[in-house]
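So the structure is just underneath, and the comments pick up after that.
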Amino acid sequence: MSKYVESVLAQVRAKNANEPEFIQAVEEVLTTLDPVIKVHPDYEKNAILERMVEPERIVMFRVPWVDDKGVVRVNRGYRIQMNSAIGPYKGGLRFDPSVNLSVLKFLAFEQVFKNSLTTLPMGGGKGGSDFNPKQSPHTPGKRCSDAEVMRFCQSFMTELYRHIGADTDVPAGDMNVGGREIGYLFGQYKRMANVWTGVLTGKGLSFGGSLIRPEATGYGDIYFAQNMLAVNGDTLEGKNCVISGSGNVATYAAEKLMQLGAKVLTLSDRSGTIYVADGMSEKMLKDIMTLKTVKRGELAEFAKKTKAAKFFAGVNSWQVADKVDCAFPCARQNELNGKDADYLLKHGCKLVGEGANMPSTPEAIEKFLGAKIMYSPGKASNAGGVATSGLEMSQNSERVSWTGEKVDDMLKGIMKSIHDNAYEAAAKYGFKGNYVVGANIAGFTKVADAMVAQGVC
Ligand code: NDP
73 MSKYVESVLA QVRAKNANEP EFIQAVEEVL TTLDPVIKVH PDYEKNAILE RMVEPERIVM
133 FRVPWVDDKG VVRVNRGYRI QMNSAIGPYK GGLRFDPSVN LSVLKFLAFE QVFKNSLTTL
193 PMGGGKGGSD FNPKQSPHTP GKRCSDAEVM RFCQSFMTEL YRHIGADTDV PAGDMNVGGR
253 EIGYLFGQYK RMANVWTGVL TGKGLSFGGS LIRPEATGYG DIYFAQNMLA VNGDTLEGKN
313 CVISGSGNVA TYAAEKLMQL GAKVLTLSDR SGTIYVADGM SEKMLKDIMT LKTVKRGELA
373 EFAKKTKAAK FFAGVNSWQV ADKVDCAFPC ARQNELNGKD ADYLLKHGCK LVGEGANMPS
433 TPEAIEKFLG AKIMYSPGKA SNAGGVATSG LEMSQNSERV SWTGEKVDDM LKGIMKSIHD
493 NAYEAAAKYG FKGNYVVGAN IAGFTKVADA MVAQGVC
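Residues in the sequence shown are numbered consecutively from 73, following this note's numbering.
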């Protein structure tokens with residue numbers, strides 16, 4: 073590793089000692105950039121790495137709200153505005169008790185490179201709160217009511233609205249922030265700002281949302297896998313696939329896999345994993361989507377009612393199937409470790425396509441790269457969501473709505489470009505087939521060049 077990269081990493085570790093996820097994400101990117109840093113001395117001269125690891129701005133705020141029993145509750149809200157060199161900040165909002173500065177800074181950092189890879193003009197940001205919509209504050213085992221979620225979202229936006237805007241910062245959904253939450257957040261933004269703009273993406277279709285946006289991250293993950301397989305003259309047809317998660321990304325990845333003739337063997341959630349040895353049916357998937365998005369229930373309940381599904385309580389998706397061709401981690405960060413990677417490789421896995429952000433631990437990534445299987449990091453293969461958010465922003469600016477077919481075709485085209493750019497960047501620097509190096513270098517250079525051109529700011 074070059075002295076420059078080493079010294080920036082040392083600074084990051086010292087300055088952010090209590091932010092392990094952020095350090096992990098920075099290490100993952102910076103340790104792959106040597107080849108490009110060597111041929112661009114101007115990056116060091118302009119302190120590009122030092123500036124990239126420091127958010128342009130962090131907003132942290134109190135979110136007071138009143139629950140259904142009339143009790144005042146207080147959560148913490150955040151927005152990390154990481155980098156605006158190539159466009160307005162763009163990135164999702166996550167509501168989960170695990171949300172803290174480290175998690176959001178890692179997500180915002182990743183988002184900068186991901187957004188650059190999409191080829192669209194979007195900077196990187198991320199935000200959210202430690203609010204838990206899945207646990208009512210007053211009734212153990214119950215979720216927050218719709219009214220509680222609405223009051224929370226309204227309070228959250230009452231502060232956030234002054235920091236965002238269609239040309240400044242455009243948030244979207246992420247974990248536990250779906251159509252319902254985006255609707256409440258958008259309504260409150262409109263009230264506070266007294267302006268109707270596409271300030272959030274992932275909106276409902278009747279108020280500026282884009283067709284295919286809900287499907288885009290999961291579909292895009294699978295389109296990326298198709299592109300990796302195509303390099304080797306292969307397809308997804310008949311492949312045994314394991315997926316983690318059963319939220320937005322996981323279920324639409326499953327839907328696309330089924331449409332392409334692959335078998336979906338697993339989905340999971342916090343309660344455990346369901347395993348269907350012959351592959352899930354479309355009906356099962358539809359039932360799971362309804363369970364998770366309408367009834368907001370757990371897979372454990374689904375397994376009780378479905379004979380064909382085996383349920384493994386408290387276990388993730390990686391070590392339940394005997395034969396695996398492809399794995400798609402689509403739940404959360406660090407959910408696939410070295411032992412899981414060993415199991416997958418031993419049971420035939422030839423492709424890992426990350427739908428979630430940073431789901432594989434560094435140890436697992438090392439094993440995948442060592443085994444020379446097709447491995448795509450989330451910042452490349454899950455970029456379809458933010459890319460389609462970019463398409464939603466374009467439609468909002470033009471005051472038009474494109475057909476689902478048109479958006480899906482554009483998504484396919486963008487995923488192919490991301491794949492090809494990552495593949496070619498890796499090959500150019502002597503790492504053919506290594507999508508980690510390729511995605512990092514391709515995403516980084518565009519932002520770095522823009523920062524050099526814009527001077528010290
Ligand atoms: P959802 O909230 O819709 O789904 C998350 C899934 O992960 C749920 O099934 C959830 O289970 C499961 N999960 C979360 N935490 C845990 C845990 N501690 N243990 C076991 N399972 C867990 O989120 P999304 O599908 O939107 O996001 C999933 C991942 O994809 C995240 O990493 C996100 O950052 C990333 N991503 C999402 C994009 C999008 O467009 N939505 C875009 C790009 C990346 P349960 O239902 O029990 O909570």
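Glycine included, each C-beta is placed from N, C-alpha and C at the ideal position.
As the structure is a prediction and not an experimental result, all values here were calculated from the model.
Opposing strand residues paired with residue i [DSSP bridges]
i	result
residue 312	335
residue 161	241
residue 389	DSSP, once it has assigned bridges, lists no residue as partnering residue 389.
residue 401	316
residue 504	Answer is none; residue 504 lacks a bridge partner.
residue 136	146
residue 152	130 and 198
residue 445	BP columns for residue 445 are empty, so no partner.
residue 345	340 and 384
residue 432	408
residue 425	448
residue 249	246
Neighbour-count burial assignment, residue i, 16 or more Cβ in a 10 Å radius
i	result
residue 213	exposed
residue 285	buried
residue 530	Because the chain is modelled from 73 through 529, residue 530 falls outside the range shown and cannot be assessed.
residue 143	exposed
residue 188	buried
residue 311	buried
residue 223	buried
residue 90	exposed
residue 184	buried
residue 393	buried
residue 451	buried
residue 515	buried
residue 407	buried
residue 153	buried
residue 127	buried
residue 245	buried
residue 182	buried
residue 151	buried
residue 129	exposed
Closer than 6 Å: residue i CB and nearest ligand 1 heavy atom
i	result
residue 412	no
residue 454	yes
residue 457	yes
residue 442	no
residue 248	yes
residue 292	no
residue 276	no
residue 409	no
residue 199	no
residue 118	no
residue 317	yes
residue 362	no
residue 151	no
residue 365	no
residue 289	yes
residue 341	yes
residue 428	yes
residue 403	yes
Contact belief for residue i with residue j at Cβ below 8 Å, rounded distance in angstroms
i	j	result
residue 433	residue 409	5 Å
residue 176	residue 199	6 Å
residue 371	residue 343	5 Å
residue 405	residue 93	6 Å
residue 368	residue 215	6 Å
residue 398	residue 427	Not quite, the Cβ-Cβ distance comes to about 12 Å (not below 8 Å), so this is no contact.
residue 221	residue 252	7 Å
residue 270	residue 280	6 Å
residue 294	residue 332	7 Å
residue 458	residue 186	6 Å
residue 334	residue 309	7 Å
residue 135	residue 203	7 Å
residue 402	residue 486	Wrong, their Cβ atoms sit about 19 Å apart, outside the cutoff.
residue 446	residue 463	About 27 Å separates the two Cβ atoms, so there is no contact after all.
residue 380	residue 348	5 Å
Distance cut-off 6 Å: residue i Cβ against heavy atoms of ligand 3
i	result
residue 321	In the structure on display, ligand 3 does not appear, and the ligands it does have are ligand 1.
key: Residue ranges of each beta strand (DSSP E) within the region 163–219, 3 or longer   = Here the runs fully enclosed are 196–201.
request  = Scan the region 263–298 and note each continuous alpha helix (DSSP H) run of 4 residues or more that stays entirely inside, going in chain order.
outcome  = Listed in chain order, nothing qualifies, since the region 263–298 has no complete alpha helix (DSSP H) run of 4 or more residues.
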